[in-house]
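Report on one structure; see the data block that follows.
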Amino acid sequence: MNKWMAKGLLLLSLSLALTACGAGGGKTQEGADAKSGSAAETTAPASNTENKDKEAAPSGETRTITYLDQTYTVPAKKDLRIVISGSMESMEDAVVLDAKPVGAISVSGQFPDLFKKATTEAVSVGEKMEPDYEGILKLKPDIILASTKFKPEAIEKFKKITTTVPVSHVSTNWEANLKLLAELTGKEKVAEEALNKYKADLDAAKAKLGDKLKDKKVLAVRVRKGDLAIYPEGVFFNASLYKDLGFTAPAEVKAAKAQELISLEKFSEINPDYLFVQFSPDENKDTPKALEELENNPIWKSINAVKNGKVFVNVVDPLAQGGTALSKFLFLEAAVDKLSQ
């Protein structure tokens, strides 16, 4: 069968599948980012054996990569056509590595400034959890970096196009995520240098802060859809605060299993001494004044961090995921600057 006819049939097949299943079939509820490290294997099937027969490159040569104990086959050529769909983690990694995917995630129809460096050669392939499968197919990607937040049926749709890696959204896998994209783009040295720099910066940060905040409560929260949200100890920026910098997580954070909404009354009982607040207009479209209303609430004003001027809003871009390489690099610098004041 003519190759282009085969592509046309694939597009028709995929279009029919989308009509039946709905393009948004990969959505999951908020808070999934607290799942365990095994999510990369259990949330979305990772095997891509059906793609081994695909034409990989003009020479037909392929290579294999290993990520979180799963093996994937990609063309042996140097410049892979990479599409990122669903994985905000990979978007951040692309910025760190100066990688240039051909397709990338848009936010409200545009590429945000946070990802500007990585999207100079990209076209939008849909929103975070709303992939444009037909648009992806037209780009003829060699590999798709999806997300373990997608449901298995969504991953199967990707795999009908080409080899697909469900990239872990679990923060403990942040180094593996960075190294994955580095291997795909031939930027292993860049990744190694970035990781070494972070470790050196972390040591310097600990030395700068010393023990002066040892007994202080430090907390990071998001405002989403007008509500306050806290996260487990290893999720969001918590991994940076509690694992990397060594602060003690409040009991409520230790008890959290996923993203948890918390009432202002309950939040005031935590009574943090230092508070990092992330507020994105894109996540509060129906409640654009949520932060302003929060700041004017008497209960909020009674919190130690508020009374002492130790509330820091959007110290990094509010789209930053928290448990990713770029987020950790940016947050470490910003947080230490604020905490040392």
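Under mature numbering (1 follows the signal peptide of the UniProt record, and there is no 0), the letters of the sequence shown match residues -22 to -1, 1 to 319, in that order. Backbone N, C-alpha and C define an ideal beta-carbon position, used for all residues, glycine too.
Query	Result
Span of the beta strand (DSSP E), counted from its first residue to its last, around A283	A283 -> not in any beta strand (DSSP E); alpha helix (DSSP H) instead, spanning 282 to 285.
Three-state secondary structure assigned by DSSP to Y209	coil
For L308 and K94, the rounded distance between their alpha carbons	16 Å
Where S146 sits in the DSSP three-state scheme	coil
Own chain partners of K194 with C-beta closer than 8 Å, once the 5 adjacent residues on each side are dropped	F225, D251, Y252
9 Å Cβ cutoff met for R202 and N274	no
N249 to L239 span [Cα, whole Å]	16 Å
Helix, strand or coil at S246 according to DSSP, with G and I counted as helix	helix
Backbone CA spacing between V199 and F214 [nearest angstrom]	9 Å
Cβ-Cβ distance between A298 and V289 below 9 Å	no
Whether T302 touches E70 by CB criterion (9 Å)	yes
Whole-angstrom distance between V294 and D57, CA atom to CA atom	32 Å
Beta-carbon proximity check, Y50 vs V143, cutoff 9 Å	yes
G104 beta carbon less than 9 Å from that of S84	yes
Rounded distance between the beta-carbons of I60 and P119, thought under 8 Å	7 Å
Straight-line gap, S86 to P259 (C-alpha atoms, nearest Å)	11 Å
Per DSSP, cross-strand counterpart(s) of Q48	Y45
Local conformation of V314 per DSSP, three classes	helix
Cutoff 6 Å; reference A227; Cβ partners in own chain excluding five residues on either side	E211, Y220
DSSP beta-bridge partners of Y252	V196
Reference P79, options E153, K157, L162, closest by Cα	L162
6 Å CB neighbourhood of F89 in its chain, flanking five on each side removed	T97
For S125, three-class secondary structure by DSSP	strand
Where L239 falls: helix, strand or coil (DSSP)	strand
Identified DSSP bridge partners for residue 320	What is shown of the chain runs -22 to 319, which leaves residue 320 out entirely.
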